[in-house]
Amino acid sequence: MRQPHHAPRPLLEIRDLRVQFATPQGTATAINGVDLQLAAGQCLGILGESGSGKSVTARTIMGLLDTPPARVAGGEILLNGEDLLSIGAKRRRQLTGPCMSMVFQDALSALNPVHPVGRQIGELFRVHRGYSRKAAKAAAIEMMDRVRIPAAASRVNDYPHQFSGGMRQRIVIAMALALGPELLIADEPTTALDVTVQAQILELLKEQQAENNMGLILITHDISVVREVTDQVAVMYAGRIIEQGPTAQVLSAPRHPYTRGLAESVASEALKGHRLPAIPGSPPDLLNIPVGCSFANRCFLADEACTAAVPALEAISAGRQSACFHSQEVPSHAAYSH
Amino acid sequence: MPHTATEPRTGKTASGPIMELRDIRMHYPVARPLPFGAKKVLKALDGVDLQVPAGQTLGIIGESGCGKSTLARILSGLEKPSEGQVLFDGVDINELQRAERALMRRNIQLIFQDPYASLDPRMTIEQILLEPFEIHPDLVPRARRRAKIAELMELVGLNPDHLSRYPHNFSGGQQQRIGIARGIALNPRVLICDEAVSALDVSVRAQVVNLLQDLQQELGLTFVFIAHDLQIVRHISDSVATMYLGKVVESGSYDRVYEHSAHPYTQALLSAAPELRQGSSTPRELILLQGDPPSPIDPPTGCRFHTRCPIAQPSCAASEPRLDPLQGDHAARCFFPGPLNLGSG
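From first to last, the protein sequence lines stand for chains C and U. For reference, each letter of the first sequence is one residue, going 186 to 523 in the numbering used here. For reference, each letter of the second sequence is one residue, going 121 to 465 in the numbering used here.
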């Protein structure tokens with residue numbers, strides 16, 4: 186989809202990204218032609234199961250892939266028009282922090298266990314802005330306050346293991362937000378946390394995103410988290426985006442059989458006492474992605490056309506795209522009823 | 121124990137507890153930080169009373185560290201509690217002699233969270249499924265065992281031709297099916313599922329939940345379903361118990377606990393789950409609790425929830441409420457049970 190001329194340039198634009206991994210068994214295709222756009226201040230959810238390529242997408246944007254075994258086989262990632270795949274290590278260090286940053290799932294391994302948290306947050310200010318030790322510590326306390334860590338001033342010298350899981354994730358978020366990035370990528374930020382703490386962290390992310398007009402990419406396997414936080418959603422399956430559009434529309438009236446299956450397989454109240462409409466089978470082997478649509482062998486609408494060619498991600502209505510030859514029939518078909 | 125595979129099984133209509141926990145305490149000693157420091161104990165379970173109704177599903181919800189998994193290990197007889205009784209058919213399983221204990225073990229089986237870690241990577245599926253029959257050799261004669269495990273494979277939706285494969289040849293959902301096949305091999309009466317579907321992807325999770333419910337109907341199993349996924353627990357449970365810091369704080373039938381929660385912790389827990397707030401017939405207001413659950417090493421005095429409770433009064437810190445019945449089998453451990461009214465609280 187091309188932007189109209191008067192529209193502002195998107196903050197992030199990914200074009201036909203392809204990433205492969207060399208494994209002892211052969212080449213695994215983790216990302217197989219992904220196109221994405223994100224405007225400033227927008228919140229995009231990337232929804233997918235394990236192996237769908239959602240985390241690899243995030244790591245490719247941040248330049249965190251181990252190469253080898255990973256290899257970017259093609260595509261562009263433009264952040265404010267600058268291709269992140271062709272910049273050198275020095276430029277990337279300049280961008281990471283002030284322009285883009287990332288929050289990981291496991292906060293304990295994202296923090297250095299032998300340094301106090303205040304020094305780890307302050308380091309960003311010292312390296313990027315040349316703050317003195319004292320000023321960096323004050324800035325760290327301010328950031329800890331901002332993510333609502335109680336009694337921040339007295340905890341600034343504590344080590345990561347002295348904090349609970351939720352507090353650690355707040356510290357990681359404080360580090361990610363410290364230099365006021367335009368783009369924040371959160372990869373399963375609440376998956377390791379308890380429900381009551383998850384609610385706190387999601388509130389914090391929403392609030393910080395709105396206050397700072399950040400672009401936020403939230404990567405998760407949890408439909409309800411996507412629905413709670415994001416404006417736009419991209420559903421990934423076997424390395425491709427198979428449906429994209431405004432979150433509420435995509436999840437309530439899906440136009441791809443996989444999205445519909447995902448949305449229906451959650452145990453809603455009405456299904457109590459009934460069988461869950463489960464998608465049969467399991468996701469394809471990335472070493473051996475089938476010809477044609479990767480979802481065809483699990484799909485209730487598949488025919489010969491689906492196993493012959495890959496359906497392109499095409500506009501189906503204003504702001505919505507689906508990669509299915511039968512996207513028209515998805516809403517009306519009987520689907521996975523049992 | 122007189123129950124064998126030939127005894128007729130009761131359907132979901134059966135009532136009365138098949139298992140009962142009486143004042144279970146499980147205390148683990150904690151390593152001292154200094155050689156002469158004070159001895160500390162972690163009270164994983166601190167006075168749990170619970171009844172498991174026969175032929176039904178009891179769901180147990182709560183956050184990490186509340187004692188859910190310790191409860192699973194005690195119910196299945198893997199660990200002896202520090203204090204209290206675990207009754208199966210009215211008999212304390214920890215008082216049994218060796219031979220009776222082996223019989224009891226047939227009747228209570230456990231399914232674990234991580235399907236891959238719970239299967240031996242060096243054994244074929246055939247060896248994994250034959251092992252229960254080798255431990256309990258009198259149940260199925262040697263000549264019939266191979267037919268029996270082929271039946272088991274079909275029952276859990278796997279191809280019996282794949283018996284010679286190893287666990288790593290299967291996907292996560294299939295590995296969990298193998299774990300389930302092993303769990304039901306000895307015709308148990310109680311199946312304890314400790315986060316049995318939590319590690320599975322959404323699309324595969326629904327398949328395994330359906331399988332568990334089919335097996336319950338076909339085999340008349342009693343389930344204890346422990347999970348942090350509140351939506352799955354609502355789907356599968358007939359009754360629900362909420363745990364907080366080693367105690368049951370609310371229990372009752374699923375609709376009482378989910379739709380008419382009386383304990384503020386249950387209400388906050390359920391309201392925090394976006395999947396329950398979205399598309400529910402009764403709208404839930406998000407109750408944001410402050411902070412994290414306290415440590416079970418030094419639990420708060422009085423009501424354990426008072427440090428995070430939105431309606432706590434000074435009296436809550438002074439003495440501990442009991443698990444008092446409210447209506448029918450619905451009970452809550454709170455001095456002020458009932459719908460939360462934060463406007464006046």
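Where is the CB? At the ideal position from N, CA and C, for every residue including glycine.
Exercise for review: Return no unless some Cβ of chain U is closer than 8 Å to the Cβ of T381/C.
Suggested key: As a working note, residue 381/C is residue 196 in the first sequence. Chain U, which has a Cβ nearer than 8 Å to the Cβ of T381/C, makes this yes.
Check your understanding: Counting along the chain, where does the beta strand (DSSP E) carrying A188/U start and finish?
Key -> Position 68 of the second sequence, counting from 1, holds the residue named residue 188/U. It should be pointed out that residue 188/U corresponds to Lys in this sequence rather than to Ala. Careful: K188/U lies outside any beta strand (DSSP E), inside the alpha helix (DSSP H) at K188 to L195.
Practice item. Can you give me the Cβ contacts of V288/C inside the same chain, cut-off strictly under 6 Å, excluding the 5 residues immediately before and after it? Key: Translated into positions along the first sequence, residue 288/C becomes position 103. These residues qualify, in order along the chain: V357, I358, A361, A371 and P374.
Practice item. Mind the definition here: the region 359-366 of chain U touches the region 378-394 of chain U only if three or more C-beta pairs lie below 8 Å; say whether that holds. Key: Result yes; three or more Cβ-Cβ pairs closer than 8 Å.
Review point. Given a threshold of 16 other Cβ atoms within 10 Å of its Cβ, counted over all protein chains shown, does F208/U qualify as buried or as exposed?
Key: Taking the second sequence and counting its residues from 1, one reaches residue 208/U at position 88. Its Cβ being crowded by 16 or more others within 10 Å, F208/U is buried.
Point to revise | Three-pair Cβ contact test at 8 Å for the region 238-253 of chain C versus the region 402-413 of chain C | key: Counting Cβ pairs under 8 Å, three or more are found: they touch.
Point to revise | Burial state of S439/U (16 or more Cβ within 10 Å) | key: Here residue 439/U corresponds to residue number 319 of the second sequence, with the count starting at 1. Exposed.
Point to revise | Amino acids of chain U, ordered along the chain, whose beta-carbon sits closer than 7 Å to that of G430/C | key: Indexing the first sequence from 1 puts residue 430/C at position 245. By Cβ distance, chain U contributes nothing, its closest Cβ being about 18 Å from G430/C, past 7 Å.
Check your understanding: How many whole angstroms separate the CB atoms of P420/U and H426/U, which I take to be in contact at a CB cut-off of 8 Å?
Key -> Position 300 of the second sequence holds residue 420/U. Position 306 of the second sequence holds residue 426/U. 6 Å between Cβ atoms; contact.
Check your understanding: How many angstroms separate the CA atom of G131/U from the CA atom of T342/U?
Key -> Indexing the second sequence from 1 puts residue 131/U at position 11. Indexing the second sequence from 1 puts residue 342/U at position 222. With a pLDDT of 41 at G131/U, under the threshold of 50, the modelled position of this residue cannot be trusted, and the question is left open.
Check your understanding: Residues of chain C with a CB under 7 Å from the CB of G293/U: which are they?
Key -> Here residue 293/U is taken as the residue at index 173 of the second sequence, counted from 1. Listed along chain C are S467, each with a C-beta nearer than 7 Å to that of G293/U.
Practice item. Enumerate in chain order the residues of its own chain whose CB-to-CB distance from A224/C is below 8 Å, with the five nearest sequence positions on each side excluded. Key: As a first step, residue 224/C is located in the first sequence; it is residue number 39 there, counting from the start. Cβ neighbours of A224/C beyond the five flanking positions: P193, P195, L196 and G400.
Practice item. Please classify F310/C: does DSSP put it in a helix, a strand, or coil? Key: As a working mapping, residue 310/C is identified with position 125 in the first sequence. Residue state, collapsed to three classes: helix.
Point to revise | As assigned by DSSP and simplified to three states, the class of Y364/U | key: Position 244 of the second sequence, counting from 1, holds the residue named residue 364/U. In the three-state scheme derived from DSSP, where H, G and I count as helix and E and B as strand, Y364/U is classed as strand.
Check your understanding: Are the C-beta atoms of R412/C and some chain U residue less than 8 Å apart?
Key -> Sequence index remark: in the first sequence, residue 412/C carries index 227 (1-based). Under the Cβ distance rule, R412/C counts among the residues neighbouring chain U, one pair being separated by less than 8 Å.
**Study point:** Contact set between D281/U and chain C, taken where Cβ atoms lie within less than 9 Å
**Key:** Against the second sequence, residue 281/U aligns to sequence position 161. Chain C residues near D281/U: none, gap ~17 Å exceeds 9 Å.
Exercise for review: Buried or exposed for S522/C, please, with buried defined as at least 16 other CB atoms from any protein chain shown within 10 angstroms of its CB.
Suggested key: One-based indexing of the first sequence puts residue 522/C at position 337. Per-residue confidence for S522/C stands at a pLDDT of 49, beneath the threshold of 50, marking its modelled position as unreliable; no derived number is given.
Exercise for review: Tell me Y422/C's beta-bridge partners as DSSP assigns them.
Suggested key: Locating residue 422/C in the first sequence gives position 237, where the first residue counts as 1. In DSSP, Y422/C forms a bridge with R425/C.
Exercise for review: Note down, in chain order, every chain C residue with its Cβ under 7 Å from the Cβ of I93/U.
Suggested key: The first residue shown for chain U is 121 and the last is 465, placing residue 93/U beyond what the model contains.
Review point. CB S479/C to CB A423/C, shorter than 8 Å?
Key: Taking the first sequence and counting its residues from 1, one reaches residue 479/C at position 294. Taking the first sequence and counting its residues from 1, one reaches residue 423/C at position 238. Closer than 8 Å, so yes.
Practice item. Just the chain U side, please: which residues come within less than 7 Å of E388/C by C-beta, in chain order? Key: To locate residue 388/C, count along the first sequence from 1; it is residue 203. Contacts between E388/C and chain U, judged by CB atoms closer than 7 Å, involve L408 in chain order.
Practice item. Measure from the alpha carbon of I501/C to the alpha carbon of each residue in I464/C, Q429/C and K457/C, then state which is nearest. Key: Walking along the first sequence from the start, residue 501/C turns up at place 316. Across the set I464/C, Q429/C and K457/C, the C-alpha of Q429/C shows the shortest separation from the C-alpha of I501/C.
Review point. Quick check: the region 376-384 of chain U against the region 443-451 of chain U, are there 3 or more CB pairs under 8 Å?
Key: Judged by Cβ distances under 8 Å, the region 376-384 of chain U makes contact with the region 443-451 of chain U, as three or more pairs qualify.
Practice item. Select from the region 329-354 of chain C all residues with a C-beta closer than 9 Å to any C-beta belonging to chain U, and list them in chain order. Key: Under the 9 Å Cβ criterion, the region 329-354 of chain C contributes P335, S349, G350, G351 and M352.
Check your understanding: Can you tell me whether E395/U is buried or exposed, with buried defined as 16 or more other CB within 10 angstroms of its CB?
Key -> Along the second sequence, read from residue 1 onward, the residue named residue 395/U stands at position 275. So E395/U ends up on the buried side.
Point to revise | Nonlocal neighbours in the same chain, by C-beta distance under 6 Å from G307/C, ignoring five residues either side | key: Along the first sequence, one-based indexing puts residue 307/C at 122. If you ignore the 5 residues before and after G307/C, its C-beta comes within less than 6 Å of the C-beta of A321, K322 and A325, all in its own chain and listed in chain order.
Check your understanding: Whole-angstrom Cβ separation of I408/C and L232/C, contact assumed at under 8 Å?
Key -> Indexing the first sequence from 1 puts residue 408/C at position 223. Indexing the first sequence from 1 puts residue 232/C at position 47. A Cβ-Cβ distance of about 7 Å is found for the pair I408/C and L232/C, placing them in contact under the 8 Å criterion.
Exercise for review: Please state if the CB of A508/C and the CB of I427/C are separated by a distance shorter than 8 Å.
Suggested key: Position 242 of the first sequence, counting from 1, holds the residue named residue 427/C. Position 323 of the first sequence, counting from 1, holds the residue named residue 508/C. At a Cβ-Cβ threshold of 8 Å, I427/C and A508/C count as neighbours.
Review point. Just checking, does the region 269-283 of chain C make contact with the region 325-345 of chain C on the three C-beta pairs under 8 Å criterion?
Key: Put simply, the region 269-283 of chain C does not touch the region 325-345 of chain C. Fewer than three CB pairs are less than 8 Å apart.
Practice item. Output, in sequence order along the chain, the residues in the region 374-390 of chain U whose CB is closer than 7 Å to any CB in chain C. Key: The residues in question are A388 and L389.
Check your understanding: By the criterion of Cβ-Cβ separation under 8 Å, what are the contact partners of H406/C in chain U?
Key -> Start at 1 with the first residue of the first sequence, and residue 406/C comes out as number 221. Residues of chain U passing the Cβ test: D321 and V322.
**Study point:** A438/U: first and last residue of the uninterrupted alpha helix (DSSP H) it sits in
**Key:** One-based indexing of the second sequence puts residue 438/U at position 318. P434 to A438 is the extent of the alpha helix (DSSP H) around A438/U.
**Study point:** Sequence-distant residues of its chain with Cβ nearer than 8 Å to L229/C (five each side left out)
**Key:** Position 44 of the first sequence, counting from 1, holds the residue named residue 229/C. Here the set comprises L221, L223, G400, L401, I402, L403, T415, D416, Q417, V418 and A419.
Exercise for review: Helix, strand or coil for H450/U, going by three-state DSSP, please let me know.
Suggested key: Stepping through the second sequence from its first residue, residue 450/U is reached at position 330. Looking at H450/U - three-state DSSP - the assignment turns out to be strand.
Review point. Closest by CA to G365/C, which one among V380/C, A395/C, Q354/C and T376/C?
Key: Position 180 of the first sequence, counted from the start, is the residue given in the question as residue 365/C. Of the listed residues, the one whose Cα sits closest to G365/C is A395/C.
Check your understanding: Buried or exposed: where does N297/C fall if 16 or more other Cβ atoms within 10 Å of its Cβ makes it buried?
Key -> By 1-based counting over the first sequence, the position of residue 297/C is 112. By the 10 Å Cβ count, N297/C comes out exposed.
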